[in-house]
Amino acid sequence: MKLAGALVILGAALLLTAGRICPAIKQYVHLFFYGTPEEYVEYVKKYKHNPEIVENTEKLKKCVHIKLTDEDKAHVTAFIGEIEASLSC
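Heads up: the sequence shown runs through residues -19 to -1, 1 to 70, numbered per mature numbering (1 follows the signal peptide of the UniProt record, and there is no 0).
Here it is in structure tokens:
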């Protein structure tokens, strides 16, 4: 869970926008954790045209896709849900 925890903490800091997570970021996060490497890379290509970024994106997604368990993904999803539900955000 160390990788997932680090991603969640980093992601939470970057994802919050005026107390809510913007829909485009929600889709990005969903594809990152639940999509195939191909789906995720295609999504990133819409916004990033640098070949090195796309290549690194693919490597990172493949690593996450292999290493994260369903339990890790469930924890991330629950954490994001808690952020959304929080009135203090």
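Yeah, the Cβ is synthetic: ideal placement off N, Cα and C, and Gly gets one too.
Report the rounded CA-to-CA distance for Ala(-2) versus Phe60, giving the unit in angstroms.
The pLDDT assigned to Ala(-2) is 49, lower than 50, so where the model puts this residue is not dependable, and the model offers no usable value.
Just the Cα atoms here: how many angstroms apart are Thr38 and Ser67?
30 Å
Would Tyr24 and Leu12 qualify as a contact pair, given that the criterion is a beta-carbon distance under 8 Å?
yes
Taking the straight line between their C-alpha atoms, what separation do you get for Pro18 and Val35?
11 Å
For Asp51, count neighbouring Cβ atoms within 10 angstroms of its own Cβ and tell me buried if that reaches 16, exposed if not.
exposed
Grouping DSSP H, G and I as helix and E and B as strand, with all else coil, what is His30?
coil
For the putative contact between Lys54 and Phe14, defined by C-beta atoms under 8 Å, what is the C-beta separation to the nearest angstrom?
5 Å
Excluding sequence positions up to five away, which residues of its chain have a Cβ less than 6 Å from the Cβ of Gly62?
none
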